Each structure stands twice: as structure tokens, then as C-alpha cells.
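What follows is a set of notes on a single structure, which appears directly below.
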Amino acid sequence: MSPRTPGGTVTVRGTVVIDIEACKGCDLCIDACPPRVLEMTVHEVNTRGYRYPRLLAGCTGCQACAQICPDFVFQVYKYDTPLELPLEDQGEQ
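Numbering (my numbering), first residue to last: 58 to 150.
Written as C-alpha cells, this is what we have:
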């Protein structure tokens with residue numbers, strides 16, 4: 058999980074951009090994600106008919122998703138300075 062402070066914030070160290078059209082729905086990224094901020098779509102599919110991962114709040118920029126993905130659908134971006142976000146205002150990063 059992302060480091061959470063007692064005051065109800067989460068430390069966000071990075072984010073990813075997902076090329077959903079290149080994804081073939083193998084699910085490898087879901088289990089590889091240490092902070093568990095990726096989930097597969099249930100009802101949405103890309104133009105090729107595959108489910109794809111959706112990014113939730115709290116990405117740490119660890120690159121585990123990009124390293125395991127056989128289709129290179131992840132672009133990882135680390136922040137120069139980690140962000141402290143209130144839990145209720147995390148939104149997709």
C-alpha cells in the first residue's frame with residue numbers, strides 16, 4: 058500500500074499512463090502492483106475486445122506494472138517531490 062499518515066493522507070510518488078488499446082487483458086499487472094492501485098475493468102473493453110487495467114489513486118511509481126507487462130502498455134512517471142494528498146481527494150493521478 059502507499060504510505061499513509063495518521064492524519065488521513067497518502068504519499069503519492071508517481072503515476073502511470075496506460076495505453077488501453079495495446080492491452081490484451083492478461084492481468085499480470087494487477088498482481089504485480091505492490092500498492093494494489095490497478096484494477097481490471099469489468100464491463101468496459103478496448104477496441105480489440107479486451108478488458109484493461111484502470112489506475113486507482115495511490116500509485117507509487119514503483120514500475121512493477123511496466124516491468125511485467127508483455128505489451129509495454131505502461132508509461133511510468135515519477136514525481137520529483139512526493140505529494141501528500143488527503144484520502145478523500147486522491148482522484149486518478
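Virtual Cβ for every residue (Gly too), placed ideally from N, Cα, C. As the structure is a prediction and not an experimental result, all values here were calculated from the model.
Taken in chain order, the complete alpha helix (DSSP H) segments of 4 or more residues contained in the stretch 111 to 147 are 121 to 125.
When secondary structure is reduced to three states using DSSP, ILE77 falls in the coil class, being assigned neither helix nor strand. Contact annotation, TYR136 with ARG70: C-beta distance approximately 6 Å; criterion of less than 8 Å satisfied. Per DSSP, the beta-bridge partners of GLU96 are ARG111.
Counting along the chain, CYS86 sits inside the alpha helix (DSSP H) bounded by residues 85 to 89.
When DSSP states are grouped into helix, strand and coil, GLY65 belongs to the coil group. In the pairwise beta carbon analysis, the stretch 99 to 106 is classified as not touching the stretch 118 to 133: fewer than three pairs are separated by under 8 Å.
Assigned with DSSP and collapsed to three states, THR104 falls in coil, not helix or strand. In the three-state DSSP reduction, GLY82 falls in the coil class, being neither helix nor strand.
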